[in-house]
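Comments concern the structure below.
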Amino acid sequence: MVGSRLTMMLPAFRGIAPLRGVEGLVNPRGFVLTDRHQRNPTFRNVFGVGVCIAIPPVEKTPVPVGVPKTGYMIETMVTAAAHNIRAILDGKEPTEEATWNALCLADFGDSGVAFVAMPQIPPRNVNWSSHGRWVHLAKVGFERYFLRKVRKGIGEPVYERYALKLLGLTRVQPDAPATLDG
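Numbering-wise (my numbering), the sequence shown opens with residue -14 and increments by one.
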């Protein structure tokens, strides 16, 4: 083994104990299986979003790794799931698909990295990143903005939706076709 000054080992992530081993609900690591509508193919009344879902790796690696999930990517999953649950309650089939676009501000104290990946899982249409002090300042501003939205109970102001749309970032696939196959 090659020497290293900094090494970090993390235990492998896995799903929660109550779900592990439920055939058709989760993969062998306990992550919820979902179709493109965030719905479990076996248990049709179960939806999964966020870090609990199984996303197959893009390629095989010497050490098995999971697919990272960013906050905005999870927001796209939640939006699609919420719309699809509403459709089911209205007696319709789910049609909404999350874009899995990623928009991230990673703060490193007095600096940081920003990136946009559309979609987050390759192949990508957009792959952009930048770093510097501006990212830290943007993150501080975003945190204040986000907390204000939470305190006021505002989910997605119209100006936010239009600003993200100008960047090409949307939460659900435009004109996702209606299907019955999940």
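We put the beta carbon where it would ideally sit given N, CA and C, even for glycine.
- For Phe(-2), there is no enclosing alpha helix (DSSP H), as DSSP marks it with neither H nor E.
- In the three-state DSSP reduction, Val36 falls in the helix class (H, G or I).
- Short of 8 Å from the beta carbon of Pro107, and not among the five residues preceding or following it, lie these beta carbons of its own chain, in chain order: Val43.
- Going by C-alpha positions, Ala91 is about 31 Å away from Asn25.
- Judged by DSSP secondary structure, Phe131 falls within the alpha helix (DSSP H) whose first and last residues are Arg118 to Lys137.
- DSSP places Asn25 outside both helix and strand once states are collapsed to three, so it counts as coil.
- It is roughly 13 Å from the alpha-carbon of Gly153 to the alpha-carbon of Trp113.
- Annotated three-state conformation of Val11 is strand, per DSSP.
- Taking the C-beta atoms as reference points, Gly(-12) is found no nearer than 8 Å to Leu4.
- A Cβ-Cβ contact shorter than 8 Å links Gly0 with Val17.
- The segment 41 to 56 and the segment 70 to 82 do not touch, with fewer than 3 CB-CB distances between them shorter than 8 Å.
- Straight-line measurement puts the Cα of Glu60 at about 25 Å from the Cα of Pro13.
- A straight-line Cα-Cα distance of about 25 Å links Glu145 and Ser96.
- Short of 7 Å from the beta carbon of Arg109, and not among the five residues preceding or following it, lie these beta carbons of its own chain, in chain order: Ala102 and Met103.
- When DSSP states are grouped into helix, strand and coil, Ala2 belongs to the coil group.
- Its chain contains Gly9 and Leu10 as the residues whose beta carbon lies nearer than 8 Å to that of Phe28, once the 5 sequence neighbours on both sides are disregarded; these appear in chain order.
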